[in-house]
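Quick note on numbering: this note's numbering labels position 285 of the sequence shown as 274, and the sequence is numbered without any gaps. Single-structure report; data block below.
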Amino acid sequence: MRMLFFPLICVFLQPVAAEDWPRWRGPRGDGSWNGPKVSERLPEKGLERIWKYDLNPGYSGVTCIRDRVYTMDRPPTDKFGETERVVCVNALSGNEMWRFSFPSEYGDLSYGKGPRASLTLHRGKVLGFGAMGHAFALDAGSGKRLWFRDLAKEANASRPIWGFSSSPEVVDKEILLHVGARPSGSILALDLETGKTRWQVGSDKKAGYAPPLPIFRGGRRELICWGPNRIMGLPMGGGGNLWEIPYEVKYGVSIAMPIYREGIALVCGYWNGSRAIRLGENPGDAKLLWKDEEKLCGLMSQPLYRKGLCYLVERRNGLTCFELKTGKILWTDDHRLTAAGRNPQASLVWAGDGGNALSLNAEGELVFLNLSKEGYREHWRE
């Protein structure tokens, strides 16, 4: 049984409004959250659980806005048939507000426990993308269906081995999805209000798992897309690739969302390591800055960036700090944050501006820690 629960972890030094978490990687899409100051000392009795809500299996993250919490799961097939479900829960009480289910036959889907992508909350809408390629918009208040599409069929999208996992990315009035639509189009842009296809772009016909990253460069908005065979710079509105760097990853596991800082695009792969690409002012100005195929190998964990440094849960050495510009490793935590294993995993989120971060590791422990050039410092775990 999967559980959604809210622990009481914050102490107020002064009244501060907590930010919403409306999308994958938070309000700015960079894994940072500003809210009440979190105490660096754990209460003697531990964290107080405010409420608990039982969920079915699934891999979707949690998003929230104001007093509503949203996620997806997969109800038992023997009772409900093959379906995926969206649930909305009151953040103050844990009471269910509404639910929305739709048919979703998994067939031979590997690791078929449930949906993967996080829901995106935008202007009163809940935007979702199911494991089998169902894209939809719901009314955030009532759960009423606004539009619904089966992109695997309608767009001839190529389902990855482990299912569609790219969380919806909203730019202006369009929803961007990494679907691998054929005959060409790594990214599909849907109209926010109607769900109709506006344009598609990208030369990688297979779908990866990572959402596209919108950036501004040289006065233009464009997308960085990491597909199974290449890293691409793509124009908004359609057209040919602005640039591409070949990078074929084993089993197509382009999972973590790219990072773009200091004019550098970073992707962190598993079997094939990490790549950093220097982007200039001109559309096609992109060159490989460095690569590391041995010591910087992440899988599902999303790396964090701050002040020139990146922090990645690396498969061999655990949490690893390295320089973005050079790939030089400064330290590793020797698996202190999360246990060593075949696929070590921990989610990391910056909590304020002082280097403190919150992490949920593979053992289900909530860890409050500090990350800096000097090393890893743990405040508490529960």
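No residue lacks a Cβ here, since even glycine has one placed at the ideal position from N, Cα and C.
Considering Cα atoms alone, identify which of the options is closest to residue i.
{"i": "P64", "options": "G103, P32 and C310", "result": "G103"}
{"i": "S147", "options": "G197, G130, G113 and F118", "result": "G197"}
{"i": "G427", "options": "G132, K133 and P157", "result": "Because the chain is modelled from -10 through 371, residue 427 falls outside the range shown and cannot be assessed."}
{"i": "N23", "options": "H368, R370, E367 and N345", "result": "N345"}
{"i": "D161", "options": "M225, F137, D139 and D193", "result": "M225"}
{"i": "T52", "options": "P200, A178 and E8", "result": "E8"}
{"i": "S82", "options": "S90, V58 and Y95", "result": "V58"}
{"i": "N218", "options": "G330, V238, P46 and R210", "result": "V238"}
{"i": "P272", "options": "I204, A328, R305 and D323", "result": "I204"}
{"i": "P292", "options": "H111, I248 and W188", "result": "I248"}
{"i": "F137", "options": "W339, L110 and D180", "result": "D180"}
{"i": "G269", "options": "G343, R209, S243 and R187", "result": "R209"}
{"i": "D281", "options": "N45, C257, W40 and V78", "result": "C257"}
{"i": "R14", "options": "G117, T109 and N79", "result": "T109"}
{"i": "W151", "options": "V75, L135, V168 and A144", "result": "V168"}
Whole angstroms is fine: what's the gap from residue i's alpha carbon to residue j's?
{"i": "I164", "j": "K34", "result": "45 angstroms"}
{"i": "K373", "j": "K296", "result": "The requested residue 373 does not occur in the structure, where the chain is confined to residues -10 to 371."}
{"i": "K133", "j": "L127", "result": "5 angstroms"}
{"i": "M376", "j": "Y294", "result": "The structure shown does not extend to residue 376, since the chain is modelled only from -10 to 371, so the question has no answer here."}
{"i": "E283", "j": "L255", "result": "16 angstroms"}
{"i": "P333", "j": "A141", "result": "31 angstroms"}
{"i": "C(-1)", "j": "L337", "result": "Summary for C(-1): the model assigns pLDDT 45, below 50, so the residue's position carries little reliability; its value from the coordinates is reported in the next sentence. If I take the Cα positions, the gap works out to 17 angstroms."}
{"i": "G96", "j": "K195", "result": "19 angstroms"}
{"i": "T321", "j": "G287", "result": "13 angstroms"}
{"i": "F1", "j": "S348", "result": "Residue confidence is low: F1 scores 33 on pLDDT, short of 50, so the model does not pin down where it sits. No coordinate-derived value is stated."}
{"i": "T183", "j": "A124", "result": "11 angstroms"}
{"i": "L(-3)", "j": "L301", "result": "With a pLDDT of only 48 at L(-3), under 50, the local geometry of the prediction cannot be trusted, and no value is derived from it."}
{"i": "G47", "j": "L166", "result": "20 angstroms"}
{"i": "I266", "j": "I253", "result": "5 angstroms"}
{"i": "E303", "j": "L285", "result": "6 angstroms"}
{"i": "G174", "j": "N230", "result": "10 angstroms"}
{"i": "T315", "j": "L223", "result": "25 angstroms"}
Please check the pair residue i and residue j, which I expect to be a contact at CB under 8 angstroms, by giving their CB distance rounded to whole angstroms.
{"i": "S290", "j": "A335", "result": "6 angstroms"}
{"i": "A129", "j": "V115", "result": "5 angstroms"}
{"i": "E73", "j": "M61", "result": "6 angstroms"}
{"i": "S155", "j": "A120", "result": "Actually they are not in contact, since the Cβ atoms of S155 and A120 sit about 11 angstroms apart, beyond 8 angstroms."}
{"i": "E251", "j": "L313", "result": "6 angstroms"}
{"i": "G307", "j": "R325", "result": "7 angstroms"}
{"i": "V190", "j": "G216", "result": "Actually they do not touch by this definition, with Cβ atoms about 12 angstroms apart."}
Use the C-beta contact count for residue i: other C-beta atoms within 10 angstroms, 16 or more gives buried, fewer gives exposed.
{"i": "P32", "result": "exposed"}
{"i": "Q3", "result": "Here the model assigns Q3 a pLDDT of 39, short of 50, so the residue's position is not dependable, and the following value carries that caveat. Exposed is the call here."}
{"i": "Y236", "result": "buried"}
{"i": "D43", "result": "exposed"}
{"i": "R88", "result": "exposed"}
{"i": "L177", "result": "buried"}
{"i": "E371", "result": "exposed"}
{"i": "S21", "result": "buried"}
{"i": "Y240", "result": "exposed"}
{"i": "I54", "result": "buried"}
{"i": "P92", "result": "exposed"}
{"i": "D56", "result": "exposed"}
{"i": "S131", "result": "exposed"}
{"i": "N350", "result": "buried"}
{"i": "D193", "result": "buried"}
{"i": "A329", "result": "exposed"}
{"i": "W260", "result": "exposed"}
{"i": "E233", "result": "buried"}
Could you spell out where the alpha helix (DSSP H) holding residue i opens and where it closes?
{"i": "L98", "result": "That residue, L98, is in no alpha helix (DSSP H); it is neither H nor E in DSSP."}
{"i": "T72", "result": "From DSSP, T72 is part of no alpha helix (DSSP H) but of the beta strand (DSSP E) over T72 to N79."}
{"i": "T186", "result": "From DSSP, T186 is part of no alpha helix (DSSP H) but of the beta strand (DSSP E) over T186 to V190."}
{"i": "A141", "result": "L140 to E143"}
With respect to the beta strand (DSSP E) encompassing residue i, which residues constitute its N-terminal and C-terminal limits?
{"i": "L285", "result": "No beta strand (DSSP E) contains L285, which DSSP labels as neither H nor E."}
{"i": "A199", "result": "Element bounds for A199: n/a, residue is neither H nor E."}
{"i": "K41", "result": "E37 to L44"}
{"i": "E158", "result": "E158 to V160"}
{"i": "D62", "result": "R57 to D62"}
{"i": "T321", "result": "I318 to T321"}
{"i": "L212", "result": "R209 to W215"}
{"i": "K114", "result": "K114 to F118"}
{"i": "A178", "result": "I176 to D180"}
{"i": "E367", "result": "G364 to R370"}
{"i": "F69", "result": "Segment T66 to F69 is the alpha helix (DSSP H) holding F69; no beta strand (DSSP E) there."}
{"i": "D378", "result": "For the chain, the structure presents residues -10 to 371; residue 378 sits outside this window and is missing."}
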